[in-house]
Every structure is written in structure tokens, then in C-alpha cells.
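Heads up: the sequence lines are chains A and B, in that order.
Per my numbering, residue 1 is the first one in the first sequence, and the count goes up by one each step.
Per my numbering, residue 1 is the first one in the second sequence, and the count goes up by one each step.
Every residue, glycine too, gets a C-beta built ideally from N, C-alpha and C.
Quantities reported herein were computed from a predicted structural model and do not represent experimental measurements.
2 protein chains.
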Amino acid sequence: MTIQWTLIRTFDAVVKTGSLSGASRQLGLTQPAISRHIDLLEEQLRIQLFQRSHEGMRLTAKGADLVTVARDMTSSATSFARIATGL
Amino acid sequence: MTIQWTLIRTFDAVVKTGSLSGASRQLGLTQPAISRHIDLLEEQLRIQLFQRSHEGMRLTAKGADLVTVARDMTSSATSFARIATGL
DNA sequence: TAAAAATACTCCATAGGTATTTTAT
DNA sequence: ATAAAATACCTATGGAGTATTTTTA
Chain A
1 MTIQWTLIRT
11 FDAVVKTGSL
21 SGASRQLGLT
31 QPAISRHIDL
41 LEEQLRIQLF
51 QRSHEGMRLT
61 AKGADLVTVA
71 RDMTSSATSF
81 ARIATGL
Chain B
1 MTIQWTLIRT
11 FDAVVKTGSL
21 SGASRQLGLT
31 QPAISRHIDL
41 LEEQLRIQLF
51 QRSHEGMRLT
61 AKGADLVTVA
71 RDMTSSATSF
81 ARIATGL
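Written out as C-alpha cells, the structure reads:
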């Protein structure tokens with residue numbers, strides 16, 4: 001399985017903002033792009049990450065299990081970028 | 001700057017194996033693909049990562065500074081994959 | 001009715017492959 | 001002579017956009 005880092009970053013953003021459109025604004029991508037990211041991630045992992053309910057995007061239990069590692073990835077990527085550009 | 005995770009994984013593999021062809025074997029990609037990965041990464045970061053010398057691919061000082069964070073990224077990606085597939 | 005999410009396309013960039021050439025041991 | 005690296009070229013996939021339609025608060 002090839003992990004797509006962008007999808008995980010989107011996952012993180014959706015969790016943080018609580019909505020696809022919020023993540024869209026935060027990442028500077030369009031809402032359909034974000035929607036596809038989540039679809040792709042769920043499909044590739046064969047895990048339902050969110051409940052599309054009235055109150056927006058609500059994490060499932062399995063989704064919640066991934067939040068920590070997803071944040072690890074995004075933060076290590078960020079620190080890679082910081083160090084690389086600082087050289 | 002959008003970080004390409006695949007490029008960083010390749011960087012890590014080249015460091016580990018000491019050659020492009022070694023990384024190619026390890027990752028199951030062709031040698032030209034690996035070569036391009038390193039080119040792209042160096043170009044995007046505007047950093048020379050390796051000295052193409054007689055003894056193969058030798059890390060530069062700046063390249064060496066990135067090895068640790070690169071390994072952080074790849075290992076956090078690996079643990080993401082492990083946890084995700086284990087759910 | 002207004003905001004969010006999903007769907008349907010279109011387009012282009014890029015990632016990867018094969019084939020080949022150059023470099024160096 | 002052999003192994004590694006670079007270059008050239010081609011193709012297919014996917015990632016992102018616009019436009020539109022559903023959904024639901």
C-alpha cells in the first residue's frame with residue numbers, strides 16, 4: 001500500500017476544523033478536492049473514518065484511532081520542511 | 001512548498017543502500033525513477049544532497065542534516081500504515 | 001434558504017516505465 | 001567490461017479545478 005501523505009494531511013485538517021469546507025479553507029484547496037481525499041483515504045484503508053451526520057463530519061472510533069499517528073506524520077513532515085528550508 | 005513523501009522515502013533508501021540502484025531494488029522502482037526522485041528533491045529543496053563521486057552516492061553535510069528527519073517521516077508513515085491496516 | 005457535501009465532467013502535471021547513453025572502475 | 005548513473009522519450013493515472021446537484025440545519 002502506498003501511503004498518500006496529502007490525504008493524511010487532509011484527514012488531519014478535517015478533524016481539526018470539523019468539516020470538509022473548513023479543511024478546504026485551511027489547506028487552500030477546493031471542497032470537492034477535500035471530499036475526494038477523504039473518499040480515497042477511506043477506500044484505500046477500507047476504514048470508515050467519519051460519520052456524515054447532521055452535526056458535520058464526526059469521527060468514527062477507527063477514525064479516532066488514526067488521529068494521533070496522522071498528526072505524527074504531518075508534524076514530522078512539517079519539521080522536515082522547516083529544517084530543509086533552513087539549511 | 002509541498003513535500004513529496006515518496007521523494008523523501010527514496011532519499012532514505014538511497015542513504016541506506018548507498019546507491020541509486022540499491023534503492024531501486026529496495027523500493028521496487030526502476031533506477032531512472034530513483035534518479036529523478038533525487039533530482040527533484042534536490043531541486044525543490046535547492047540543496048545538494050549527494051556528491052556523485054567514485055565511491056557512489058556520498059551524502060553532503062546538508063544531506064546528512066536531513067537524514068534524521070527523513071527517517072522520522074518514513075517511520076511515522078510506516079507506523080501509520082501498520083496501525084491503519086491493523087484496524 | 002443557506003451552508004455543507006457529493007457528483008460529474010475536464011484538464012494537466014507528474015510519476016513511472018522502456019530504451020539508451022554516458023561515466024567510472 | 002561492467003556496473004552505476006544520467007538522459008530522452010512516452011504514457012497513464014490521478015490530483016485539482018469549475019460547475020452543478022443533492023442534502024440538512
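- Remark: C-beta atoms of B/Thr10 and B/Ile47 do not approach each other more closely than 9 Å.
- Comparing C-alpha distances from B/Gly56 to each of B/Gly22, B/Ser79, B/Asp12, B/Ala77 shows the shortest one belongs to B/Gly22.
- Put simply, the CB of B/Phe80 is near chain A, with a gap under 9 Å to one of its CB atoms.
- The alpha helix (DSSP H) runs lying completely inside the region 36-62 of chain B and spanning 4 residues or more number zero.
- DSSP places B/Ser75 within a helical segment (H, G or I) once states are collapsed to three.
- Between B/Ala13 and B/Gln26, the C-beta spacing is below 9 Å.
- Excluding residues up to 5 positions away in sequence, Phe11, Ile38, Leu41, Glu42, Leu59, Thr60, Lys62, Gly63, Leu66 lie with their Cβ nearer than 8 Å to the Cβ of A/Leu49 in the same chain.
- Distance check between A/Leu7 and each of A/Ile83, A/Phe80, A/Met73, A/His54 places A/Met73 closest, using alpha-carbon atoms only.
- Listed along chain A, the residues sitting closer than 8 Å to B/Ile83 by beta-carbon distance are Asp65, Leu66, Val69.
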